[in-house]
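> Be aware that the sequence shown starts at 2, since it is given in the working numbering, and climbs by one per residue.
Beta carbons: idealized from backbone N, C-alpha and C, even for Gly.
One structure coming up, written as structure tokens, with questions to follow.
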Amino acid sequence: MRFLSTFEPITHLTLNTALKRGQRLQSFFRKQRVDLVFLHGSLAKDALKPLSDVDIAVLFTTDDYDYKKISEISSKLSKVLNREDIDLAILNHASPLLWMQILCNSKILYCRSQKALKQFRLRAIQKYLATKHLRDTFHHYMEESILRG
């Protein structure tokens, strides 16, 4: 949910500015045991509108993250990007569709290692292909339902 402050205007943020500011977060992400951080959504396309939020996806090294760690990351991102409207997605348990969207339409804000990035790419494709039959079946029955009225 997004709350607009009447006292502080939301700053205009470009992709280039976000990537430059993201450089300040490298050691912070390393300490948080994060493998990858991506900018996605309208900011990744450098098409941020006045009512757009800032979409960021995080892949933790392990699944032992908690709400406190997520809150720390969100707060740090808000401070560095000078935005309150951060939409933080945790990729560890996200849908294969989000993984594929991130793979195809994002910019890397932080990458622990090339190995981590290669593993993410491989897992994104594997997850997406492993669930393709489910999406196809869903679309087939949805189309039938729409045609029947």
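Taking the continuous alpha helix (DSSP H) assigned at Tyr129, which residues delimit it?
115–131 is the span of the alpha helix (DSSP H), which, as asked, contains Tyr129.
> Taking just the CA atoms, how far does Cys112 sit from Asp47?
Answer to the nearest angstrom: the Cα atoms are 20 Å apart.
> If you draw a straight line from the C-alpha of Glu73 to the C-alpha of Pro51, how long is it?
Taking the straight line from one Cα to the other gives about 25 Å.
> Answer yes or no: do Ile103 and Ala58 have a C-beta to C-beta separation smaller than 9 Å?
Yes.
> What would DSSP say about Ser96, mapped onto helix, strand or coil?
Ser96: coil per DSSP, three-state reduction.
> So does Lys119 have its beta carbon nearer than 8 Å to some heavy atom of the ligand MG?
With respect to small molecules bound, the structure shown includes none, and the ligand MG cannot be examined in it.
> Please report how far the alpha carbon of Tyr129 lies from the alpha carbon of Arg84, in whole angstroms.
Rounded to whole angstroms, Tyr129 to Arg84 spans 32 Å at the Cα level.
> What three-state label does DSSP hand Lys69 in the structure shown?
Reduced to three states, the DSSP call for Lys69 is helix.
> Within 10 angstroms of the Cβ of Leu82, are there 16 or more other Cβ atoms? Answer buried if so, exposed if not.
So Leu82 ends up on the buried side.
> Roughly how many angstroms lie between the CA atoms of Arg124 and Met143, to the nearest whole one?
Rounded to the nearest angstrom, the two C-alpha atoms are 28 Å apart.
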